[in-house]
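Asker:
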Amino acid sequence: MLFHEDTLPEPSTSPEETVLSTIAREPSGSSAPRADDITMESTEMPCPDARRDVPTGIRRDENTSGDDQVDHDRATQSDTDADVIKLEHRRDSDSDAASVTTIAYSPNGQYIATGADDTLVIIWDAMTGTLLQTCSEHSDTVHSLAFSPDSRQLVSGAADRLAIVYDVQTGHRLETLAGHADTVYSVAYSPNGHYIATGSVDTTVKLWDAHSGQERFLASADSAIVLTVAFSPDSRRLVSASGDCCARIWSVQDGTLLNVLKGDQGINALAYAPDNRRLVTGSDDGSARIWDADTGLELVDVREHSGPIWAVAFSPDGTRLLSAASDGSVRIGDSYSGDKLHDIDADDQLVTAVAISPSSSRICVSSSESIRVWDAMTANQLAELTSHSEQITHLRFSPDATRIVSSSDDGLVHIWNIDIPNLH
């Protein structure tokens with residue numbers, strides 16, 4: 001079922017950008033890692049400036065001489081083997097650290113956003129860990145975050161059925177995207193910055209004008225919970241993955257359903273190739289399937305993983321396919337033939353989160369309390385990071401792949417600098 005409001009402007013193209021989306025945990029509480037990177041009517045009051053009433057939340061461990069000072073009694077510094085900034089997502093100095101449910105890194109590398117079960121969205125300085133804004137517009141758990149391509153805006157989706165757009169510099173609420181009947185589980189900006197997509201437990205996908213907040217169309221996923229949404233690199237198509245083992249491709253121009261890609265089991269991850277012509281899906285059965293995005297035909301079916309696939313990506317030139325699974329295996333293969341080029345093994349440890357850098361040059365995998373980083377082209381291990389005291393739940397790369405942000409059941413968010421000699 002499809003409802004149109006008006007004709008959409010013709011999207012511009014940006015073929016150099018590869019779209020990557022992963023699903024981390026369904027609303028029912030299954031054990032897959034949380035998305036991408038996955039959801040009360042708010043008032044016109046602006047989001048408060050967090051620097052006025054919320055402590056910095058920084059606890060810094062740095063491989064430095066110790067000269068850097070953080071002016072707060074919750075901040076400490078010591079020399080360690082790694083350069084890491086530790087943050088606590090919490091409402092105020094009297095509150096316990098919240099359970100972080102989603103993380104986003106801005107495309108310009110300057111900001112990190114965290115969402116949590118305390119209903120807050122917090123924006124941090126990605127280089128220093130300084131808390132910049134605390135946004136309290138939602139009334140229930142925040143499930144998904146996405147920055148606009150120019151890093152000036154941030155959209156959040158939550159269990160209160162709303163998606164909210166913020167000004168990153170001020171934290172003010174710019175738009176409330178209302179209309180879903182259940183949790184907004186996934187949000188995404190189009191690469192050209194014109195549109196926002198939302199996917200919901202109510203089985204619908206909505207496309208919004210990113211500037212006015214106007215709903216452009218509503219599409220049904222045939223009674224299946226929408227787990228993730230993503231755009232093609234040229235912003236002309238919107239793809240969704242649902243609980244019925246299907247990925248659906250929609251026209252951004254008029255909302256027409258173009259193709260339905262049917263898998264054998266649940267689809268946990270998807271990504272477009274840089275040329276917009278192919279799409280890869282990763283599933284619970286350990287299969288990575290490459291599809292013709294125009295015809296919907298299956299081109300390659302790779303079955304090398306023994307556990308659910310949680311992340312997939314194409315290399316920037318589209319020739320290689322990267323996939324990472326819960327069994328600790330990471331596979332690098334030829335994206336046309338499906339032939340294996342490299343294998344990375346996490347020593348049979350349970351994988352709790354995975355991330356592939358935006359340029360597809362690095363892969364990081366967490367198992368229990370440690371994070372390991374590999375070169376995606378050579379399969380050489382670059383780093384092993386240990387600082388969390390409990391299971392790691394989320395991972396994100398900075399745009400240039402020199403930093404990683406992680407969250408854990410210990411209530412901390414860590415920003416790791418992996419662009420230093422002793423980690424290579």
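According to UniProt numbering, the sequence shown is numbered sequentially starting from 1.
A virtual CB, placed ideally from N, CA and C, is assigned to each residue, including glycine.
By the three-class DSSP mapping on this structure, what secondary structure does G282 have?
Answerer: Reduced to three states, the DSSP call for G282 is strand.
Asker: What ranges does the beta strand (DSSP E) occupy inside the segment 254-333, keeping only unbroken runs of at least 3 residues that lie completely in it?
Answerer: Within the segment 254-333, the complete beta strand (DSSP E) runs of at least 3 residues are 257-262, 267-272, 278-283, 287-292, 298-303, 309-314, 320-325.
Asker: According to the neighbour-count rule (16 or more other Cβ atoms, all chains shown, within 10 Å of its Cβ), is A288 buried or exposed?
Answerer: By the neighbour-count rule (16 or more Cβ atoms within 10 Å), A288 is buried.
Asker: Distance check for V405 and S387, CA to CA, integer angstroms please.
Answerer: Distance between the alpha carbons of S387 and V405 is about 12 Å.
Asker: I think G328 touches S367, with their Cβ atoms under 8 Å apart; what is that distance to the nearest whole Å?
Answerer: Yes, they are in contact, since the Cβ atoms of G328 and S367 sit about 7 Å apart, within 8 Å.
Asker: Excluding five sequence neighbours on each side, which residues of the same chain lie with their C-beta closer than 7 Å to the C-beta of G193?
Answerer: Excluding positions up to five away in sequence, the list reads S148, P149, D150, A210.
Asker: With DSSP as the reference, identify every bridge partner of N108, one or two as the case may be.
Answerer: According to DSSP, N108 bridges with nothing at all.
Asker: Please identify the residue among G171, L207, I418 whose C-alpha is closest to the C-alpha of V187.
Answerer: L207
Asker: I need the straight-line Cα distance from R236 to E215, nearest angstrom please.
Answerer: 17 Å
Asker: Provide the residue(s) that pair with C364 in DSSP beta bridges, ordered along the chain.
Answerer: Beta-bridge annotation (DSSP): C364 is paired with A355, V373.
Asker: Consult DSSP for N417 and reduce its assignment to one of helix, strand or coil.
Answerer: strand
Asker: Check D83 in the structure and name its three-state DSSP category.
Answerer: strand
Asker: Going by CA-CA distance only, name the one from V155, A126, D125 that's closest to E175.
Answerer: V155
Asker: Going by DSSP, name the residue or residues bridged to V252.
Answerer: According to DSSP, which records beta bridges pairwise, V252 is partnered with nothing at all.
Asker: For V155, which residues does DSSP report across the bridge?
Answerer: A146, V165
Asker: Can you tell me the Cα-Cα spacing of R173 and P107, whole angstroms?
Answerer: 20 Å
Asker: Leaving aside the five residues before and after S315 along the sequence, list all residues of the same chain whose C-beta is less than 6 Å from its C-beta, in chain order.
Answerer: S360
Asker: Give me the Cα-Cα distance between K340 and R303, rounded to the nearest whole angstrom.
Answerer: 11 Å
Asker: In the DSSP assignment, find the unbroken beta strand (DSSP E) run with A383 in it and report its ends.
Answerer: 381-386
Asker: Determine the direct distance from the alpha carbon of D117 to that of W291, and round the result to whole angstroms.
Answerer: 36 Å
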